[in-house]
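Heads up: the sequence shown runs through residues 4 to 164, numbered per the numbering used here.
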Amino acid sequence: CRCWRSIHQLTCQTELIQAEEGGDVSLQCRLDPSVDLRKETLDFTRADLNREDDVVHSYRHEKDQTDPQMDQYRGRTTLIHEDLIRGIISLNISSLTLTDSGLYTCYVPGLADSATITLTVGESAEFNTEFPSEESETVKKFVPKSDGCDLKKCLKFLFLI
Numbered sequence: 004c005r006c007w008r009s010i011h012q013l014t015c016q017t018e019l020i021q022a023e024e025g026g027d028v029s030l031q032c033r034l035d036p037s038v039d040l041r042k043e044t045l046d047f048t049r050a051d052l053n054r055e056d057d058v059v060h061s062y063r064h065e066k067d068q069t070d071p072q073m074d075q076y077r078g079r080t081t082l083i084h085e086d087l088i089r090g091i092i093s094l095n096i097s098s099l100t101l102t103d104s105g106l107y108t109c110y111v112p113g114l115a116d117s118a119t120i121t122l123t124v125g126e127s128a129e130f131n132t133e134f135p136s137e138e139s140e141t142v143k144k145f146v147p148k149s150d151g152c153d154l155k156k157c158l159k160f161l162f163l164i
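What follows is the structure, encoded as structure tokens:
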């Protein structure tokens with residue numbers, strides 16, 4: 004019996020992530036309140052691709068499954084198994100490419116719940132604006148290119164910066 008299904012919610016701390024091409028990123032969702040997810044089935048998919056084989060990373064029977072994974076993600080994704088015991092699903096994607104930009108869905112079938120994260124990967128030249136953070140470190144912000152920029156997309160980024 005999985006009576007906790009209806010009282011838990013899967014959420015993402017950050018719904019929009021901006022990252023630099025060639026870099027690495029961590030997509031993270033958590034179950035609130037937390038439950039050990041090691042025995043659950045977990046899938047990260049690309050919801051924006053509208054194709055049947057949209058699997059970025061799959062975890063079943065307490066193991067990572069590479070068979071259903073899209074070729075472009077093979078060898079570049081790592082699920083942090085140690086986080087699963089705390090109800091945290093952390094997927095690292097390395098060597099980011101511009102085609103990695105998109106809508107990622109984290110789905111836990113046993114909970115019948117999912118959460119989404121939008122990843123925007125920009126060229127290193129697009130990371131040209133620096134702002135001091137509260138910790139006195141320099142934080143790079145993504146600034147979209149002005150050439151060919153869709154008005155809605157540009158306005159969205161302006162309000163995020």
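Where is the CB? At the ideal position from N, CA and C, for every residue including glycine.
Less than 6 Å between C-beta atoms, sequence neighbours within five positions excluded: which residues of the same chain meet that for residue i?
i, result
"C32", "L13, C15, I92, C109, A118"
"A50", "L106, T108"
"E43", "V111, G113"
"Q68", "S61"
"I83", "S93"
"D116", "L13"
"Y81", "The question names Tyr, but residue 81 is Thr in the sequence shown. Within the same chain, T81 has close Cβ partners N95."
Is the Cβ-Cβ distance between residue i and residue j less than 9 Å?
i, j, result
"S104", "D27", "no"
"L101", "S29", "no"
"V111", "L19", "no"
"L45", "R63", "yes"
Tell me the DSSP secondary structure of residue i in three-state form.
i, result
"A50", "helix"
"L19", "strand"
"D3", "Residue numbering for the chain in the displayed model covers 4 to 164; residue 3 lies beyond these limits and cannot be assessed."
"I10", "helix"
"T102", "helix"
"S93", "strand"
"K148", "Its pLDDT being 43, under 50, K148 is placed unreliably in this model, and the coordinates cannot settle the point."
"S37", "coil"
"S136", "With a pLDDT of 47 at S136, under the threshold of 50, the predicted position of this residue should be treated as unreliable, though the coordinate-derived value follows. S136: coil per DSSP, three-state reduction."
Going by the DSSP bridge assignment, what does residue i pair with across the sheet?
i, result
"D116", "V111"
"Q75", "DSSP output for Q75 lists no bridge partner at all."
"S29", "N95"
"S61", "D46, Q68"
"L82", "L94"
Could you check which residue in the options has the C-alpha nearest to that of residue i?
i, options, result
"R77", "D57, I120, V38", "D57"
"S37", "L114, T121, Q75", "L114"
"G125", "D35, R54, E55, E24", "E24"
"E85", "E65, T121, M73, P71", "E65"
"I120", "E55, I10, T17", "T17"
Whose C-beta lies closer than 7 Å to the C-beta of residue i among residues of the same chain, with five residues either side of it excluded?
i, result
"I88", "D39, R41"
"H11", "L34, D35, P36, V38, L114"
"E138", "Any reading at E138 needs caution, since the residue's pLDDT is 47, under 50, leaving its predicted position unreliable; the model's value is listed next. Excluding residues within five positions, none has a Cβ falling inside 7 Å."
In chain order, what residues of the same chain lie with their CB nearer than 8 Å to the CB of residue i, ignoring the 5 residues before and after it?
i, result
"T48", "D57, V58, V59, Y107, T108, Y110"
"T71", "Per the sequence shown, the amino acid found at residue 71 is Pro instead of Thr. Closer than 8 Å at the Cβ level, and outside the excluded window around P71, lie D56, V58, S61."
"R79", "I96, S97, S98"
"M73", "R49, D56, D57, V58, V59"
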